[in-house]
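See below for the structure under consideration.
Protein chains in written order, with the UniProt record's numbering: chain A, 1 to 224; chain B, 1 to 224.
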């Protein structure tokens, strides 16, 4: 049965992955580089959120972005157009980024010249949740048009993340989306998650999120 | 290297899967049951689209729905509430449905009492594209808030599907979404794909899509 075989392999892969993620994390700590892993569905607004965030942080920090994409380079081109260093990982079909891929991407960068690395993971609420990349912070986006029931359907993603950004909050009036119900559902499985309401389009909430992120980066640098 | 191991296993799994998918397809043909595999991102509107479609087809056909979900049963409860037979497949972490799962679900149904089976796949634009379920028709939804660039980023899904439903077309005015550019990009990699613009919210285009689907079901039943 392919089922049983799959599970064994997956356990081995996850355990190999965790070892490499720990090594990545230690190496980033040595160089006081803060790495953030951003995850979401396709079209939730990862790239635009990164662009708005980088815009507000680039005077304070030296930033690079690792872009995961199955096939194209459209996102890294947008990041590079804004003047930020981008490393494109083409996964050729794989539906998530893992620690070996991130390790390979980091090898192409000079960590001593960086303060902050953003990972834009593959658009997928399932598998990326299972793979530790070595990042210090796991952030997910849920956009309003996706619906408030997604936490029931993709609970692992909501439970492993440190931060939930509710994006496209500007179109709340247009969709049948119960913000308070969503938060209640999220906090039930992850009481420590930090939630921000944001919109890359109108900039609502972006300042708030960036200020919080800055304080996290500062705390990390002090403790590294 | 986990990479190499992964690829070998995947090839084996895909080939085992294809054999079972062919057997499923033959068995459905024997009973003149038409099966449709519906795929999309989380929150693109799969369940609501199914509800609207079933509403219009249930006087003509005996229908069942196979619902894939990682953890919850919310979607099958909605389907059952509408009076349609639903089989819930809980994948317990797996990010796609495969032919053995569909085979198991079909075993619980009496095919001689059915005309039409809808599969609602896991919300994911990546892996479901790789796994043949034995369905006669592969349909994907892309919703307007997800953006017109998704075909560049998830090309396999757009190239394996027979039909693309552009959903939430009612909020086209609100998003920066170039419908014609999307179609051009899709047709470039899949010239035969049939495209419908729909909205489960306003019912726009649903009639059109359902009429086309009916004609496909009729043609299938004649040729089985």
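Note that the Cβ used here is the ideal one computed from N, Cα and C, for glycine as well. Note that the structure is a prediction, hence the values are computed from the model and not measured.
Have a look at residue i and residue j and give me their C-alpha separation to the nearest angstrom.
i: residue 224 of chain A; j: residue 31 of chain A; result: 8 Å
i: residue 217 of chain B; j: residue 105 of chain A; result: 49 Å
i: residue 195 of chain B; j: residue 145 of chain A; result: 21 Å
i: residue 143 of chain A; j: residue 172 of chain A; result: 10 Å
i: residue 7 of chain B; j: residue 92 of chain A; result: Caution is warranted here: a pLDDT of 36 is assigned to residue 7 of chain B, below 50, making its placement in the model unreliable, and the coordinate value is therefore given only provisionally. When rounded, the distance between both Cα atoms is 11 Å.
i: residue 220 of chain A; j: residue 56 of chain A; result: 19 Å
i: residue 211 of chain B; j: residue 154 of chain B; result: 28 Å
i: residue 94 of chain B; j: residue 123 of chain B; result: 11 Å
i: residue 27 of chain B; j: residue 179 of chain A; result: 45 Å
i: residue 4 of chain B; j: residue 100 of chain A; result: The pLDDT assigned to residue 4 of chain B is 32, lower than 50, so where the model puts this residue is not dependable, and the model offers no usable value.
i: residue 163 of chain B; j: residue 138 of chain B; result: 7 Å
i: residue 183 of chain A; j: residue 165 of chain A; result: 11 Å
i: residue 79 of chain A; j: residue 87 of chain B; result: 44 Å
i: residue 207 of chain A; j: residue 50 of chain A; result: 13 Å
i: residue 52 of chain A; j: residue 69 of chain A; result: 20 Å
i: residue 107 of chain B; j: residue 189 of chain A; result: 34 Å
i: residue 96 of chain B; j: residue 76 of chain A; result: 27 Å
i: residue 14 of chain B; j: residue 90 of chain B; result: 20 Å
i: residue 58 of chain A; j: residue 197 of chain B; result: 41 Å
i: residue 37 of chain B; j: residue 209 of chain A; result: 39 Å
i: residue 16 of chain B; j: residue 158 of chain A; result: 33 Å
i: residue 47 of chain A; j: residue 156 of chain B; result: 21 Å
i: residue 229 of chain B; j: residue 12 of chain B; result: No information on residue 229 of chain B is available, as it lies outside the stretch 1 to 224 that chain B covers here.
i: residue 187 of chain A; j: residue 187 of chain B; result: 43 Å
Comparing alpha-carbon positions, which option in the options lies nearest residue i?
i: residue 133 of chain A; options: A:107, A:98, A:142, A:186; result: A:98
i: residue 42 of chain A; options: A:102, A:167, A:191; result: A:167
i: residue 72 of chain A; options: B:209, B:208, B:185, B:197; result: B:185
i: residue 113 of chain A; options: A:29, A:69, A:33; result: A:33
i: residue 192 of chain B; options: B:21, B:207, B:160; result: B:160
i: residue 174 of chain A; options: A:156, A:107, A:147, A:18; result: A:147
Measuring CB to CB, does residue i end up less than 7 Å from residue j?
i: residue 135 of chain B; j: residue 39 of chain B; result: no
i: residue 152 of chain B; j: residue 74 of chain A; result: yes
i: residue 24 of chain A; j: residue 110 of chain A; result: no
i: residue 176 of chain A; j: residue 199 of chain A; result: no
i: residue 21 of chain B; j: residue 141 of chain B; result: no
Assuming residue i and residue j make a contact with CB atoms under 8 Å, what is their CB distance in whole Å?
i: residue 214 of chain A; j: residue 60 of chain A; result: 7 Å
i: residue 125 of chain B; j: residue 85 of chain B; result: In fact, because the Cβ distance is near 28 Å, the residues do not count as touching under 8 Å.
i: residue 54 of chain A; j: residue 29 of chain A; result: Contact doesn't hold; Cβ gap of about 22 Å is too wide.
Are the stretch 198 to 212 of chain A and the stretch 121 to 135 of chain A touching by the rule of at least three beta carbon pairs closer than 8 Å?
-> no
Is the stretch 57 to 73 of chain B in contact with the stretch 115 to 126 of chain B, if contact means three or more CB pairs nearer than 8 Å?
-> yes
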